[in-house]
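Chains as they are written, first to last, in the working numbering: chain A, 443 to 548; chain B, 16 to 218; chain C, 17 to 162. Note that CB positions come from ideal geometry on N, CA and C, so glycine has one too. To start, the structure itself, in structure tokens.
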Amino acid sequence: MIPLSWYLVLAFILIGLGVYGMMVKRNLIRVLIGAEIIGNGVTIALVALALYNSPFTFTGQGLTIIIIAIAAAHTALAMVLMLMYHRRYGTVDLGQPVRQEEITGV
Amino acid sequence: MQGFETLFEQVEFILLAGLVLILAYLALEHEDIVYAAFFFGMMASVVAGFYLLLEAPFIAGMQIAVYTGGISALIIFGVLLLPRAQDSTLEVFPTSRAKRIGVLITSVVMILSGILALLFPWPESFVSENINLSQNLEELAKWLWGSHGIYVQMTALIILTALVGAVVIMKMEKAERLEPIKGEFGIEAETHPAYTETQEEEQ
Amino acid sequence: MRLFIDFIPVLIWAMLAAVLVIVMLFASWVLRPHVLQNSEKTSTYECGEEPIGPARVSFPYNYLTYTILFLVVDVLGAFLWLLSSSSLRFTEITVWQFILFTGIFMVGIWYVIKRLPETYLSGSETVELYQKARASSKSSSAHEEA
Numbered sequence: 443m444i445p446l447s448w449y450l451v452l453a454f455i456l457i458g459l460g461v462y463g464m465m466v467k468r469n470l471i472r473v474l475i476g477a478e479i480i481g482n483g484v485t486i487a488l489v490a491l492a493l494y495n496s497p498f499t500f501t502g503q504g505l506t507i508i509i510i511a512i513a514a515a516h517t518a519l520a521m522v523l524m525l526m527y528h529r530r531y532g533t534v535d536l537g538q539p540v541r542q543e544e545i546t547g548v
Numbered sequence: 016m017q018g019f020e021t022l023f024e025q026v027e028f029i030l031l032a033g034l035v036l037i038l039a040y041l042a043l044e045h046e047d048i049v050y051a052a053f054f055f056g057m058m059a060s061v062v063a064g065f066y067l068l069l070e071a072p073f074i075a076g077m078q079i080a081v082y083t084g085g086i087s088a089l090i091i092f093g094v095l096l097l098p099r100a101q102d103s104t105l106e107v108f109p110t111s112r113a114k115r116i117g118v119l120i121t122s123v124v125m126i127l128s129g130i131l132a133l134l135f136p137w138p139e140s141f142v143s144e145n146i147n148l149s150q151n152l153e154e155l156a157k158w159l160w161g162s163h164g165i166y167v168q169m170t171a172l173i174i175l176t177a178l179v180g181a182v183v184i185m186k187m188e189k190a191e192r193l194e195p196i197k198g199e200f201g202i203e204a205e206t207h208p209a210y211t212e213t214q215e216e217e218q
Numbered sequence: 017m018r019l020f021i022d023f024i025p026v027l028i029w030a031m032l033a034a035v036l037v038i039v040m041l042f043a044s045w046v047l048r049p050h051v052l053q054n055s056e057k058t059s060t061y062e063c064g065e066e067p068i069g070p071a072r073v074s075f076p077y078n079y080l081t082y083t084i085l086f087l088v089v090d091v092l093g094a095f096l097w098l099l100s101s102s103s104l105r106f107t108e109i110t111v112w113q114f115i116l117f118t119g120i121f122m123v124g125i126w127y128v129i130k131r132l133p134e135t136y137l138s139g140s141e142t143v144e145l146y147q148k149a150r151a152s153s154k155s156s157s158a159h160e161e162a
């Protein structure tokens, strides 16, 4: 068997990469990709911890199923909100939201 | 045989971990957002390999069905719908101060999760040492549908709320688009100079 | 028997697929003529037409609704897949839970399909509104002149 710490280190690096993407990037779609990478790291850690702690094996797997289902819901809602942001500010830039009227001068 | 199995498992873990980390880095750092979205989809399908190593075949299948099939398709579709997201000038942060704050928050989160991953005594806090290697889906189905059915219904309600919210936001978007056509100060509410001129000529 | 031993054929197939792609790309790189690449050569090929603008254009927004519907049905299918692939003995409570779960999803999908015409601006609707606004502005200007 692989030691538990290998999985935890992998999940730790994935969470770090995702937080870096969410904090440093300006493009909204890349921020969303960072959030999904955090979700993947968390599910790997949860399934590994549940497997190595045998009374909670199926608790961890069931909770992972629910996490994946809710990740689908929040991605759909985030995408629609991003569409609305694009409609209102004319860009997907988080750095400087500008009203569309100021760009086009209407 | 046992030694070969352990060695094979470790080699497979290192291979998959290297692939996942390279693909996640490319998904965040590749300058073209379309390629980044495709790299995210590949990363999500390689993560399913870890669930096979962790004796969770159903979660591996669900990861491929929902993450690779649904979420990464939605992200690629979002990139197609928002052409301004493909602007490569978005990849450079305007001020170095904002970037420094982002790196600072990232390092704080990484220190906290590093303490949890490396220093926290996980194996000592476990109830039992032996590992449950059963792969039958019956136990999982019994846990999810039999004894914790309220979680399933709550998930369904959350997804219903997300659907209704998405449709309501799309309706608001349409109302905002209709405004320049039929609004009080819309384009068509004013008299069109070229149109009125032709009308006068006809009269 | 560990699970990943069963999936060794999948690993072999994945490696075969990767090797095949690399070999084919390399073979085409060897076989193709290495001529000078100019902007005329690398532009999008359209028969007898000058290509206008970039190839990545904006799609109508309302296609996103269909993708979200696909995602929701995907999640529904994944939950029911667990129920169908396990040999769980159904009790009365499980059946009622299944009916309630599917019912909530169906209410959401029904709502989306019912509201679908209100979420995007179709071409005929735009033309109708445009003509109506034009007629009203014409009548109001005629009224002012009179």
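Please list the terminal residues of the continuous alpha helix (DSSP H) segment that includes residue i.
{"i": "M443/A", "result": "Where M443/A is concerned, there is no enclosing alpha helix (DSSP H), given that its DSSP letter is neither H nor E."}
{"i": "A487/A", "result": "470 to 494"}
{"i": "V51/C", "result": "V51/C -> no alpha helix (DSSP H), and no H or E assigned at all."}
{"i": "Y77/C", "result": "Neither: Y77/C is in no alpha helix (DSSP H) and is coded neither H nor E."}
{"i": "A34/C", "result": "24 to 47"}
{"i": "W112/C", "result": "108 to 131"}
{"i": "L155/B", "result": "152 to 156"}
{"i": "E27/B", "result": "17 to 44"}
{"i": "P72/B", "result": "72 to 77"}
{"i": "V81/B", "result": "Run containing V81/B: none; DSSP gives neither H nor E here."}
{"i": "G64/B", "result": "48 to 68"}
Is residue j closer than 8 Å to residue i when the C-beta atoms are compared?
{"i": "A75/B", "j": "L450/A", "result": "no"}
{"i": "A171/B", "j": "I475/A", "result": "no"}
{"i": "L488/A", "j": "L505/A", "result": "yes"}
{"i": "S60/B", "j": "T83/B", "result": "yes"}
{"i": "E478/A", "j": "A514/A", "result": "no"}
{"i": "S149/B", "j": "P497/A", "result": "no"}
{"i": "L80/C", "j": "L97/B", "result": "no"}
{"i": "G483/A", "j": "I457/A", "result": "yes"}
{"i": "E24/B", "j": "R529/A", "result": "no"}
{"i": "I174/B", "j": "G119/C", "result": "no"}
{"i": "L178/B", "j": "V128/C", "result": "yes"}
{"i": "T135/C", "j": "G161/B", "result": "no"}
{"i": "R192/B", "j": "L92/C", "result": "no"}
{"i": "L224/B", "j": "F19/B", "result": "Residue 224/B is absent from the model: chain B starts at 16 and stops at 218."}
{"i": "Y66/B", "j": "L459/A", "result": "no"}
{"i": "F141/B", "j": "Y494/A", "result": "yes"}
{"i": "F55/B", "j": "I90/B", "result": "yes"}
{"i": "G93/B", "j": "M524/A", "result": "yes"}
{"i": "V35/B", "j": "Q113/C", "result": "no"}
{"i": "Q78/B", "j": "A88/B", "result": "no"}
{"i": "K114/B", "j": "L104/C", "result": "no"}
{"i": "A492/A", "j": "G502/A", "result": "yes"}
{"i": "I184/B", "j": "V522/A", "result": "yes"}
{"i": "I507/A", "j": "A453/A", "result": "no"}
{"i": "I126/B", "j": "M465/A", "result": "no"}
{"i": "L446/A", "j": "P136/B", "result": "no"}
{"i": "A439/A", "j": "L87/C", "result": "Coverage of chain A is limited to positions 443 through 548, which leaves residue 439/A absent and any answer about it impossible."}
{"i": "A80/B", "j": "D22/C", "result": "no"}
{"i": "M443/A", "j": "I146/B", "result": "yes"}
Which one or two residues does DSSP pair with residue i in a beta bridge?
{"i": "D535/A", "result": "N469/A"}
Evaluate the contact criterion for the segment 41 to 54 of chain B versus the segment 88 to 105 of chain B: three or more CB pairs, one atom per stretch, below 8 Å. Result yes; three or more Cβ-Cβ pairs closer than 8 Å.
Decide if the segment 95 to 104 of chain C is in contact with the segment 527 to 535 of chain A; the criterion is three or more beta carbon pairs, one per stretch, under 8 Å apart. Segments in contact, no.
At 3 residues or longer, what runs of the beta strand (DSSP E) sit wholly inside the segment 84 to 148 of chain B? Fully enclosed beta strand (DSSP E) runs of no fewer than 3 residues are not present anywhere in the segment 84 to 148 of chain B.
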